[in-house]
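Visitor: Okay, so the sequence shown: first residue is 1 according to the UniProt record's numbering, each after it adds one.
Every residue, glycine too, gets a C-beta built ideally from N, C-alpha and C.
The structure that follows is given in the form of structure tokens.
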Amino acid sequence: MSIFKELALPTTLDDLLTAREEALRLMADARRTLEMAKEVLAPHGRHLMPHAAQIREDQDQVRRELDTSLWRRAFDMTGFKQLMDAEAVAEFEKSLCPTPPEFTASTIRATFIDLRINAESMFQRGVFNVFRYLSDDYRTNVKEPFRIGSKVIMEGMVEPSFRSGLCIRYGSWAKDKLNDLDRVFQTLDGKPFQPHALTSAMDAAFQAGEVFENENYRAKAFKKGTLHLEFLRLDLLDKVNEQIAEYYAGNVLPDARAA
């Protein structure tokens with residue numbers, strides 16, 4: 001797939017590395033300058049150094065916080081994050097705590113070369129996980145256990161909105177599930193992904209008592225908590241099913257558009 005072949009390490013990562021080194025140098029200089037200010041004041045009495053000018057964190061903690069932010073920025077810049085499902089993103093975030101890998105040229109190269117090699121399998125695993133628990137019909141389809149039809153019914157996805165009407169369940173896996181689903185469709189369509197744009201648009205429609213529809217989906221919310229979701233782009237649905245087939249068994253599955 002072209003989305004994997006086009007992945008590359010942008011030259012702006014070099015700019016991030018340069019900025020990191022300069023920022024750490026300036027912060028170390030600032031630390032030394034503040035220590036000098038404290039020494040200048042010390043002979044004239046205790047506690048003269050303003051509290052707001054006190055250094056509260058050591059240099060290692062500063063570096064760890066900076067490197068954590070730089071890793072997150074690097075993942076956004078390279079496009080790898082768009083290939084990652086919620087589980088993979090959680091694994092990435094876990095790797096940054098409590099101590100992230102040092103953000104250096106060698107660790108960047110090792111991390112992103114490995115990700116580029118495994119990008120397709122990582123994406124396919126994410127597709128499989130996204131659609132694996134999409135609906136009861138999907139799970140119990142004996143003849144085609146891992147193929148998505150054009151319509152699904154999703155349980156436990158909807159709740160009353162505190163404003164009016166209905167909305168996607170707040171603070172639950174429901175929003176993450178739809179977010180991951182939309183990420184897959186946008187990626188396979190070669191478009192940039194805007195996190196939670198779909199759930200926000202659905203909420204606006206459901207709160208107004210309307211059926212949601214855009215170029216990819218039609219969705220209707222019900223008071224009992226179910227969400228009826230229809231996939232309108234059958235070409236993208238075919239691509240999803242190809243990814244699932246390759247991940248699950250490498251089989252060419254028969255057409256299921258009538259599902």
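#1: Could you pull the DSSP bridge partners for residue 213 from this structure?
#2: Might you give, ordered along the chain, the residues of its own chain that have their beta carbon closer than 6 Å to the beta carbon of residue 180, omitting 5 neighbours on each side?
#3: Starting from residue 24, follow the alpha helix (DSSP H) in both directions and report where the run begins and ends.
#4: In angstroms, rounded to a whole number, what distance separates the CA positions of residue 348 and residue 75?
#5: Give the DSSP-derived three-state secondary structure of residue 259 in the structure shown.
#6: Considering only the alpha carbon of each residue, which of 121, 34, 69 lies closest to residue 99?
#7: Let me know the secondary structure DSSP gives residue 148 once reduced to three states.
#8: Give me the residue from 218, 162, 210 with the minimum Cα distance to residue 178.
#9: Residue 231 by DSSP, collapsed to three states: which one?
#10: Thinking residue 159 and residue 225 are a contact (beta carbons under 8 Å), I'd like their distance in whole angstroms, please.
#11: Relative to the alpha-carbon of residue 287, which residue among 150, 227, 245, 62 has its alpha-carbon at the smallest distance?
#12: Going by other Cβ atoms of all chains shown within 10 Å of its Cβ, with 16 needed for buried, is residue 111 buried or exposed?
#13: If you follow the alpha helix (DSSP H) that residue 168 is part of, which residue opens it and which one closes it?
#14: On the DSSP letters alone, give me the boundaries of the alpha helix (DSSP H) that residue 159 sits inside.
#15: Rounded to whole angstroms, what is the Cα-Cα separation between residue 142 and residue 73?
Guide: Let me lay it out:
#1: The residue labelled residue 213 in the question sits at position 213 within the sequence shown. Paired residues: 218.
#2: In the sequence shown, residue 180 corresponds to position 180, counting from 1. Excluding sequence neighbours, residue 180 sits near 85, 86, 130.
#3: Taking the sequence shown and counting its residues from 1, the one referred to as residue 24 is at position 24. Residues 12-41.
#4: Residue 348 is absent from the structure shown; the chain starts at 1 and stops at 259.
#5: For this step, residue 259 is matched to residue 259 along the sequence shown. With a pLDDT of 42 at residue 259, under the threshold of 50, the modelled position of that residue is not reliable, and the figure given next carries that caveat. Three-state DSSP puts residue 259 in coil, outside helix and strand.
#6: Locating residue 99 in the sequence shown gives position 99, where the first residue counts as 1. Answer by Cα proximity: 69.
#7: Position 148 of the sequence shown, counted from the start, is the residue given in the question as residue 148. In the structure shown, residue 148 sits in coil (DSSP, three-state: anything other than H, G, I, E or B).
#8: The sequence position of residue 178 within the sequence shown is 178, counting from 1. A check of alpha carbon separations from residue 178 across 218, 162, 210 identifies 218 as the nearest.
#9: Residue 231 sits at position 231 when you count from the first residue of the sequence shown. Taken through DSSP and simplified to helix, strand or coil, residue 231 comes out as strand.
#10: The residue labelled residue 159 in the question sits at position 159 within the sequence shown. The residue labelled residue 225 in the question sits at position 225 within the sequence shown. About 7 Å separates the beta carbons of residue 159 and residue 225, which is inside the 8 Å limit, making them a contact pair.
#11: It is not possible to answer for residue 287, since the shown part of the chain is limited to 1 through 259.
#12: Translated into positions along the sequence shown, residue 111 becomes position 111. Residue 111 comes out buried.
#13: The sequence position of residue 168 within the sequence shown is 168, counting from 1. Unbroken run through residue 168 is the beta strand (DSSP E), 166-168; no alpha helix (DSSP H).
#14: Position 159 of the sequence shown, counting from 1, holds the residue named residue 159. DSSP places residue 159 outside any alpha helix (DSSP H); the residue lies instead in the beta strand (DSSP E), whose first and last residues are 158-160.
#15: Working through the sequence shown from its first residue, we reach residue 142 at position 142. Working through the sequence shown from its first residue, we reach residue 73 at position 73. Confidence at residue 142 is low in this model, with a pLDDT of 45, below 50, so its placement is unreliable and no value can be given for it.
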